[in-house]
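Written below as C-alpha cells is the structure these notes are about.
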Amino acid sequence: MTTNLARGKPTEQSSTKDTLHGSSNAVDVQTNSRWHACSVTRAKGDNWWLVDLEAVYDIRVVTLTSAKCCKGSFATLVIEAFEPNAPSACAEVKKPWLKRTSKYLCTPNTIGSKVRLKQKGQIYVCEVEVFGHYQKPTNQSSTSDPKHASSKAVDGNVNSDARKHSFTSTKGATGGSWWEVNLEAVYQIREVVITSRGDCCPKALRSFSIEAWAPNGRTLCAFVETAFGLGETRRITCQLGTVGGRIRIVRRSNEQLQLCEVQVFGARTSELRDLVIEVLIESSVAICAEVKRPFASHEMRSIPCRPNAIGRMLKIQKTSVGTLALCEVEVYGDYYEPSHRYEHIGHNLALWKPTKQSTTVSKYPSSRAVDGDSRQIDDGLSMTTWVRGQWWQVDLEEVYEVHVVMITSK
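All letters in the sequence shown, in the order written, are residues 1 to 410 by the UniProt record's numbering.
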C-alpha cells in the first residue's frame, strides 16, 4: 500500500480561485506548502475537489497537506470515495489541522474510483495522496505453479499472454476446480467480466458456473457453457437477486481452470431488507407487499401493492434485526370513497405528511423520509436504532387504495 494512487491522475474542482491554483496542483507530487503550489477554490458556497483514480480501489488512507500560511483551514471537511453509482464516506474532519500534513484512516470498505473533498467555504490543499488496494483476497482449489497464483486474476493486468505470467491456473482434479475472490462486503452483483488466456488452448475455458456466496447461502449468477476464444473478454450478466460477499467460479470437469482476469461489478447492499409494507385503516390491516431482496446502496425501487391495499396509514416494518434507514418513501394510489368509486391521484401521497417511527437515532427523524429529497446528503434520511422489529409509518390523512410504494435506500 505504498503507492500514491492519486499521483498525476485527472482532477477537477467546483471552482478555481485563479489560473495559478488549478486542481492538478494537488497531485503534482510537490508537497511544497507555499500558497502558489496549492489547489484553491473560490471562497463562497459548497466547494469540492476531486481526483479520478481511473480504477476501483479499496481506499485505506488519505493524506492531506495544507498551505503553509493556513494551518487548520479544513474544519468539517468530508472525504469520500465514489463507486460507479454511489459515494461512501472515508472520513470527516471536524477539527482544524494541527500539523501541515495530516493522515486520515478511512472507514472499512471505502470503495471507489474517485476521491472527493467537500467543504462549505474555500478549499485550499497543496497535496492529496491516496493509498489503498486494487486487489481483493483470492483463493483457488489448487495451484499448478506459484507463478499462477489465484491473485493473478485481480492484478488489473488483462494481458492474456501466458509468458507474462498474469493468469491463474489450478491443477486438474477429479472433483473439479474453483477460483474465488472475497469482496470483503456484501454486494448485489450485476455482472462479472472474465478474460481468458490468449496464447494457447482455445476453447479451454468453458462449462463453468459463477456463484455468489453470502452468510446465509449461495446464489447462481450464471452458468457459462459456450467456450471462450483466445484472449476473449466476456461480460456475463448475473440473474436478478445475485447477492454475496464472495464470487466463486466453479468448473466441474477434471480439467484445469485458467483465468487471465476477473472483474466484478455491482452495488454494495444496504441493511434495507426483510420488509413488510402494510396499509391500515382503523382495525383493518392489508398487506401491500413483502420485500426480501436486499436494496443496493442508494437504490430507488418501485414496489407494486397487492390488490385492495386500502387504508389511511402506510407502515413499513423490518422483520429482521437491524436499523431501518429510509432516504425517501413515496406513495401513489387512488382516492377511495365507497359511494363514489375511485378518483385517480397522480402525485406522491406521502409528501410532507405526518410520520413516526418505532425509535429514532439522533438527527434522523421519521419526517426526513417524506421531505421530497431522495439524494443521500448530510442527514437527509430517517433511521431507527439497531434492534428487531423496527417500523416507520406515514399518515396519508385520507383513505386511499395504494398501488405503488417507491423506497429509496440509504
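For each residue, glycine too, the CB sits at the ideal point set by N, CA and C.
(request) Count the other C-beta atoms from every protein chain shown that fall within 10 angstroms of the C-beta of residue 295, then say buried if there are 16 or more, exposed otherwise. (result) For this step, residue 295 is matched to residue 295 along the sequence shown. Result: buried.
(request) Quick one: grab the DSSP three-state call for residue 72. (result) Residue mapping note: residue 72 aligns to position 72 of the sequence shown, counting from 1. The pLDDT assigned to residue 72 is 46, lower than 50, so where the model puts this residue is not dependable, and the model offers no usable value.
(request) Taking all protein chains shown into account, decide if residue 239 is buried (16 or more other Cβ within 10 angstroms of its Cβ) or exposed. (result) On the sequence shown, residue 239 is found 239 positions in, with the first residue counted as 1. Its Cβ having fewer than 16 others within 10 Å, residue 239 is exposed.
(request) Could you check which residue in 194, 215 and 223 has the C-alpha nearest to that of residue 208? (result) For this step, residue 208 is matched to residue 208 along the sequence shown. Closest option to residue 208, Cα to Cα, is 223.
(message) Would you call the region 188-198 in contact with the region 230-239, where contact means no fewer than 3 C-beta pairs closer than 8 Å?
(response) yes
(message) For residue 387 and residue 39, I'd like the C-alpha separation in whole angstroms.
(response) Residue 387 sits at position 387 when you count from the first residue of the sequence shown. Residue 39 sits at position 39 when you count from the first residue of the sequence shown. C-alpha separation (whole angstroms): 45 Å.
(request) Determine the DSSP secondary structure at residue 15, reduced to helix, strand or coil. (result) Translated into positions along the sequence shown, residue 15 becomes position 15. Residue state, collapsed to three classes: coil.
(request) Put residue 148 into one of helix, strand or coil per three-state DSSP. (result) In the sequence shown, counting from the first residue as 1, residue 148 sits at position 148. Looking at residue 148 - three-state DSSP - the assignment turns out to be helix.
(message) Could you tell me the alpha carbon to alpha carbon distance between residue 291 and residue 274, rounded to whole angstroms?
(response) Within the sequence shown, the letter at position 291 stands for residue 291. Within the sequence shown, the letter at position 274 stands for residue 274. Residue 291 and residue 274: Cα-Cα distance of roughly 6 Å.
(message) Distance check for residue 90 and residue 66, CA to CA, integer angstroms please.
(response) Taking the first residue of the sequence shown as position 1, residue 66 is located at position 66. Taking the first residue of the sequence shown as position 1, residue 90 is located at position 90. Taking the straight line from one Cα to the other gives about 19 Å.
(request) Could you name each continuous beta strand (DSSP E) segment of 3 residues or more that falls completely within the region 316-373, going from the start of the chain to the end? (result) Counting only runs that start and end inside the region 316-373, the beta strand (DSSP E) elements of at least 3 residues fall at 325-336, 342-345 and 355-357.
(message) Residues in the same chain with beta-carbon distance under 8 Å from residue 206, minus the five sequence neighbours each way, listed in chain order, please.
(response) The residue given as residue 206 occupies position 206 in the sequence shown. The residues are 224, 225, 226, 227 and 228.
(message) For the pair the region 255-262 and the region 145-154, tell me if three or more CB-CB distances fall below 8 Å.
(response) yes
(request) Label residue 236 either buried or exposed according to how many other C-beta atoms from any shown protein chain fall within 10 Å of its C-beta, with 16 as the threshold for buried. (result) Here residue 236 is taken as the residue at index 236 of the sequence shown, counted from 1. Residue burial annotation: residue 236 is exposed, with fewer than 16 other C-beta atoms found within 10 angstroms of its C-beta.
(message) Using only the alpha-carbon positions, how far apart do residue 17 and residue 29 sit?
(response) For this step, residue 17 is matched to residue 17 along the sequence shown. For this step, residue 29 is matched to residue 29 along the sequence shown. In a straight line, the C-alpha of residue 17 is about 21 Å away from that of residue 29.
(request) Helix, strand or coil for residue 402, going by three-state DSSP, please let me know. (result) Here the question's residue 402 lines up with position 402 in the sequence shown. In the three-state DSSP reduction, residue 402 falls in the strand class (E or B).
(message) Just to confirm my understanding: we take residue 407, look at its own chain, exclude 5 residues before and 5 after, and list those with CB closer than 6 Å. What are they?
(response) On the sequence shown, residue 407 is found 407 positions in, with the first residue counted as 1. These residues qualify, in order along the chain: 301 and 329.
(request) Tell whether a beta-carbon distance below 9 Å holds between residue 369 and residue 327. (result) Start at 1 with the first residue of the sequence shown, and residue 369 comes out as number 369. Start at 1 with the first residue of the sequence shown, and residue 327 comes out as number 327. Annotated as proximal: residue 369 and residue 327, with beta-carbon spacing under 9 Å.
(request) For residue 24, name the three-state secondary structure that DSSP assigns. (result) The residue you call residue 24 lines up with position 24 of the sequence shown. In the structure shown, residue 24 sits in a helix (DSSP, three-state: H, G or I).
(message) Check this for me: beta carbons of residue 243 and residue 187, under 9 Å apart or not?
(response) Counting from one through the sequence shown, the residue named residue 243 turns up at place 243. Counting from one through the sequence shown, the residue named residue 187 turns up at place 187. Against a cut-off of 9 Å, the Cβ pair of residue 187 and residue 243 comes out as a contact.
(message) For a quick check, are the C-beta atoms of residue 93 and residue 76 less than 9 Å apart?
(response) Counted from its first residue, the sequence shown places residue 93 at position 93. Counted from its first residue, the sequence shown places residue 76 at position 76. Yes, these two residues count as a Cβ contact at 9 Å.
(request) Would you check if the distance between the CB atom of residue 218 and the CB atom of residue 266 is smaller than 9 Å? (result) In the sequence shown, counting from the first residue as 1, residue 218 sits at position 218. In the sequence shown, counting from the first residue as 1, residue 266 sits at position 266. Taking 9 Å as the Cβ cut-off, residue 218 and residue 266 do not qualify as a contacting pair.
(message) Can you tell me where the beta strand (DSSP E) holding residue 298 begins and where it ends?
(response) The residue labelled residue 298 in the question sits at position 298 within the sequence shown. From DSSP, residue 298 is part of no beta strand (DSSP E); its letter is neither H nor E.
(request) Give the straight-line distance between the Cα atoms of residue 298 and residue 169, rounded to the nearest whole angstrom. (result) Position 298 of the sequence shown, counted from the start, is the residue given in the question as residue 298. Position 169 of the sequence shown, counted from the start, is the residue given in the question as residue 169. Going from the Cα of residue 298 to the Cα of residue 169 covers about 38 Å.
(message) For residue 217, list the residues DSSP reports as bridge partners.
(response) In the sequence shown, the residue the question calls residue 217 occupies position 217. 214, per the DSSP bridge assignment.
(request) Rounded to whole angstroms, what's the CA-CA distance from residue 366 to residue 382? Just pull it up for me. (result) As a working mapping, residue 366 is identified with position 366 in the sequence shown. As a working mapping, residue 382 is identified with position 382 in the sequence shown. One C-alpha to the other measures close to 5 Å.
(message) Less than 9 Å between the beta carbons of residue 6 and residue 130, yes or no?
(response) By one-based count along the sequence shown, residue 6 stands at place 6. By one-based count along the sequence shown, residue 130 stands at place 130. The answer is yes: Cβ separation under 9 Å.
(request) Please say whether residue 313 and residue 395 have beta carbons closer to each other than 9 Å? (result) Position 395 of the sequence shown holds residue 395. Position 313 of the sequence shown holds residue 313. In contact: residue 395 and residue 313 (Cβ atoms closer than 9 Å).
(message) Using only CA atoms, which one of 21, 282 and 391 lies nearest to residue 355?
(response) On the sequence shown, residue 355 is found 355 positions in, with the first residue counted as 1. Checked all of 21, 282 and 391; the closest Cα to residue 355 is 391.
(request) Output the distance between the C-alpha atoms of residue 124 and residue 172, rounded to the nearest integer angstrom. (result) Numbered from its first residue, the sequence shown carries residue 124 at position 124. Numbered from its first residue, the sequence shown carries residue 172 at position 172. Answer to the nearest angstrom: the Cα atoms are 57 Å apart.
(request) Measure the CB-CB distance between residue 121 and residue 25 and report whether it falls below 9 Å. (result) In the sequence shown, counting from the first residue as 1, residue 121 sits at position 121. In the sequence shown, counting from the first residue as 1, residue 25 sits at position 25. Taking 9 Å as the Cβ cut-off, residue 121 and residue 25 do not qualify as a contacting pair.
(message) As a quick exercise: from 282, 181 and 13, pick the residue whose alpha carbon is nearest that of residue 397.
(response) Residue numbering aside, residue 397 sits at position 397 when the sequence shown is read from its first letter. It is 282 whose Cα lies nearest to the Cα of residue 397.
(message) Using only the alpha-carbon positions, how far apart do residue 210 and residue 57 sit?
(response) Within the sequence shown, numbered from 1, the residue matching residue 210 stands at position 210. Within the sequence shown, numbered from 1, the residue matching residue 57 stands at position 57. Using only the alpha carbons, I get a separation of about 23 Å.
(message) Let's test the definition: count the other Cβ atoms within 10 Å of the Cβ of residue 347 and tell me whether it reaches 16, buried, or not, exposed.
(response) Translated into the one-based positions of the sequence shown, residue 347 becomes position 347. Its Cβ having fewer than 16 others within 10 Å, residue 347 is exposed.
(message) Going by the DSSP bridge assignment, what does residue 87 pair with across the sheet?
(response) Walking along the sequence shown from the start, residue 87 turns up at place 87. The partner list for residue 87 (beta bridge, DSSP) reads 82.
(message) Using C-beta distances below 6 Å, list every residue in its chain close to residue 303, excluding the 5 sequence neighbours before and after it, in chain order.
(response) In the sequence shown, the residue the question calls residue 303 occupies position 303. Closer than 6 Å at the Cβ level, and outside the excluded window around residue 303, lie 289 and 405.
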